[in-house]
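I have placed the structure first, in the form of structure tokens, so that the comments after it can refer back to it.
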Amino acid sequence: MSKKFIRQKEQREKRRIARERVNVLFTLAERVFPYERELANRYVEIALAVQQKARIRMPRKWKRRYCKRCHSFLVPGVNARVRLRNGHVVIKCLNCGHIMRYPYIREQKEKRRQRTDSSP
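Under my numbering, read the sequence shown as residues -4 to 115, first letter to last.
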């Protein structure tokens, strides 16, 4: 095997391990949040560091569960406010006041498409 192939294989393995670690850290943050919020926030910071170091994308499942400014773990109704406004989801961190907006137009279009397909 060539050196290039071995190096690519190592990189894939590193990224796979990093994805697993990010998942584990976020699930730990989810479990520990009701008891120790600071520890949950620390888990998020470690997960972000792992993700940056390995140069992987944050899984969509976890991407919206932390504040982009203060890196605190967000739980809707506890330290985050979630609202639906004109085609986007508005999440407000109640720790620092940062507002994040995520469009959900794709979901609306899909629902509309299903409605037109099913109607006679």
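Ideal Cβ placement from N, Cα and C applies to all residues, glycine included.
In whole angstroms, what is the alpha-carbon distance linking residue 52 and residue 60?
Stepping through the sequence shown from its first residue, residue 52 is reached at position 57. Stepping through the sequence shown from its first residue, residue 60 is reached at position 65. Taking the straight line joining both Cα atoms gives about 14 Å.
Just checking my contact of residue 45 with residue 68 at CB under 8 Å: how many whole Å lie between their CB atoms?
Sequence index remark: in the sequence shown, residue 45 carries index 50 (1-based). Sequence index remark: in the sequence shown, residue 68 carries index 73 (1-based). In this structure residue 45 is not in contact with residue 68, their Cβ atoms being roughly 15 Å apart against a cut-off of 8 Å.
Residue 10 - DSSP class collapsed to helix/strand/coil
Numbered from 1 along the sequence shown, position 15 holds the residue referred to as residue 10. Of the three classes helix, strand and coil, the one that applies to residue 10 here is helix, per DSSP.
Residue 49 versus residue 29 - alpha carbon distance
Position 54 of the sequence shown, counted from the start, is the residue given in the question as residue 49. Position 34 of the sequence shown, counted from the start, is the residue given in the question as residue 29. Those two C-alpha atoms are separated by around 29 Å.
In the DSSP assignment, what residue or residues form a beta bridge with residue 71?
Locating residue 71 in the sequence shown gives position 76, counting from the first residue. 75, per the DSSP bridge assignment.
Between which two residues does the beta strand (DSSP E) containing residue 97 stretch?
For the purposes of this step, residue 97 is identified with residue 102 of the sequence shown, where counting begins at 1. Membership of residue 97 in the beta strand (DSSP E) is indicated by the continuous run 94 to 98.
Where do the ends of the alpha helix (DSSP H) carrying residue 58 lie?
By 1-based counting over the sequence shown, the position of residue 58 is 63. Taken as a continuous stretch (DSSP letters only), the alpha helix (DSSP H) holding residue 58 covers 55 to 58.
Look up residue 41 in the DSSP assignment and give the residues it is bridged to.
Here residue 41 refers to the residue found at position 46 when the sequence shown is read from its first residue. Paired residues: none, contrary to the question.
Could you please give the first and the last residue of the uninterrupted beta strand (DSSP E) stretch that includes residue 83?
Residue 83 sits at position 88 when you count from the first residue of the sequence shown. Its beta strand (DSSP E) spans residues 83 to 88.
Please identify the residue among 0, 94, 13 whose C-alpha is closest to the C-alpha of residue 41.
Residue mapping note: residue 41 aligns to position 46 of the sequence shown, counting from 1. Comparing Cα-Cα distances from residue 41 to each of 0, 94, 13, the minimum goes to 13.
Spatial neighbours of residue 27 within its chain, please: CB distance less than 6 Å, with the 5 preceding and 5 following residues excluded, ordered by chain position.
Locating residue 27 in the sequence shown gives position 32, counting from the first residue. 34, 35, listed in sequence order.
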